[in-house]
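Trainee: Below is one structure. I have some questions about it.
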Amino acid sequence: MTPDGVERIEITLLLEAIYQRYGYDFRSFAPASISRRVRQFLSSSGLCSVSQMTERVLRDEGLFSRLVQYVSIPVTEMFRDPFVYRAVREQVAPLLRTWPHIKVWHAGCATGEEVYSLAIVLKETGILKRTTIYATDFNEANLARAREGTYDTARIKEADHRHRQAGGKRPLTEYCRTHRGHATMAPDLARHITFANHNLATDTSFGEVHLVFCRNVLIYFNRALQNRALNLFSESLVHGGFLCLGTRENLTFTEAHGAYVPVSDKTQIYKHSKLTGNVLRDSR
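Right, here's the structure in full:
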């Protein structure tokens with residue numbers, strides 16, 4: 001067997017050990033992505049092999065926490081893909097407005113930049129005041145940063161142009177408080193966001209919501225885990241609700257394909273259109 005073949009077995013055993021010991025399930029993550037990140041962590045850890053890493057991770061919770069951070073490195077920024085937020089503003093928000101109270105599930109929220117971006121759009125369209133956003137992630141360190149809502153001021157200023165491309169009229173700095181090079185998102189945004197731990201690989205559906213926002217998460221999953229996550233979203237969405245995926249993600253060849261119609265192919269925003277195997281209820 002080649003060294004690469006041996007390493008694949010080692011990584012499989014590592015992921016199984018993590019699941020058995022800590023309950024974190026990375027076994028269905030895309031093999032290329034998880035292998036790359038495990039190798040990167042190995043090279044920075046001073047350990048000699050993945051097998052040695054497995055032995056240490058089973059006994060050293062601190063090492064496990066660092067590994068989880070490495071495996072789930074978030075790639076996010078405020079108003080990433082501004083044309084998506086413009087579509088939410090122009091095509092989704094007017095229909096969300098028809099519900100008396102709006103519930104949003106932002107799955108895989110990472111460190112929170114895109115959650116606050118969405119909250120800003122909903123505020124600017126006048127519906128944030130009757131919206132609750134449930135922002136979830138399995139990584140507690142990321143959730144802690146998201147709850148704090150404090151980011152480098154330079155990154156906020158860089159995002160101002162994207163905010164305007166997304167249809168924003170006011171400077172982005174008006175939605176935060178700046179102090180010594182850091183910007184903390186305004187309380188009138190944060191009070192509408194509830195952060196919670198949720199694992200798409202192991203947990204159940206999140207409840208009855210009108211919009212599911214899950215961008216650039218499914219690309220790290222294999223097909224089985226993609227289908228599991230999409231089924232959770234369908235179970236959670238009211239009939240006529242919306243699903244927003246990342247621009248490199250789509251429903252083609254997934255079990256959920258027949259349950260949605262595209263709002264915009266470019267933005268990967270879909271509207272739930274059919275009652276398939278799940279019992280979906282319109283909450284209006």
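Number 91 in the numbering used here belongs to position 91 of the sequence shown; there are no gaps in the numbering.
In this text, a Cβ means the ideal position worked out from N, Cα and C, and glycines have one as well.
The structure displayed is predicted, hence computed values, not measured ones.
Measuring CB to CB, does A259 end up less than 8 Å from F195?
Mentor: In the sequence shown, residue 259 corresponds to position 259, counting from 1. In the sequence shown, residue 195 corresponds to position 195, counting from 1. No. Outside cutoff.
Trainee: For the alpha helix (DSSP H) holding V68, just list the boundary residues, first then last.
Mentor: Sequence index remark: in the sequence shown, residue 68 carries index 68 (1-based). Element bounds for V68: E61 to V71.
Trainee: With distances taken Cα to Cα, identify the nearest neighbour of T271 among L95, N139 and A183.
Mentor: Mapped onto the sequence shown, residue 271 falls at position 271. Strictly speaking, residue 271 in this sequence is Lys, with Thr absent from that position. Among L95, N139 and A183, the Cα nearest to that of K271 belongs to L95.
Trainee: So for I269, helix, strand or coil by DSSP?
Mentor: Position 269 of the sequence shown, counted from the first residue, corresponds to residue 269. In the structure shown, I269 sits in a strand (DSSP, three-state: E or B).
Trainee: Does the Cβ of K129 have 16 or more other Cβ atoms within 10 Å, making it buried, or fewer, making it exposed?
Mentor: Walking along the sequence shown from the start, residue 129 turns up at place 129. Exposed.
Trainee: Starting from F213, trace the beta strand (DSSP E) both ways and give me its first and last residue.
Mentor: Numbered from its first residue, the sequence shown carries residue 213 at position 213. Here the beta strand (DSSP E) through F213 covers V209 to C214.
Trainee: Have a look at Y116 and L189 and give me their C-alpha separation to the nearest angstrom.
Mentor: In the sequence shown, counting from the first residue as 1, residue 116 sits at position 116. In the sequence shown, counting from the first residue as 1, residue 189 sits at position 189. Looking at the two C-alpha atoms, the distance is approximately 7 Å.
Trainee: Under the rule that 16 or more other beta-carbon atoms within 10 Å means buried, what is A224, buried or exposed?
Mentor: Stepping through the sequence shown from its first residue, residue 224 is reached at position 224. With fewer than 16 Cβ atoms within 10 Å of its Cβ, A224 is classed as exposed.
Trainee: With distances taken from CA atoms, which of G62, K169, D25 and H106 is nearest N216?
Mentor: Position 216 of the sequence shown, counted from the start, is the residue given in the question as residue 216. N216 has its Cα closest to that of H106, out of G62, K169, D25 and H106.
Trainee: When we look at the beta-carbon of V50 and count the other beta-carbons within 10 Å, is it buried (16 or more) or exposed?
Mentor: As a working mapping, residue 50 is identified with position 50 in the sequence shown. It is buried - the Cβ of V50 has at least 16 other Cβ atoms within 10 Å.
Trainee: Considering just the uninterrupted stretch of the alpha helix (DSSP H) at S44, what are its terminal residues?
Mentor: Working through the sequence shown from its first residue, we reach residue 44 at position 44. Residues P31 to S45.
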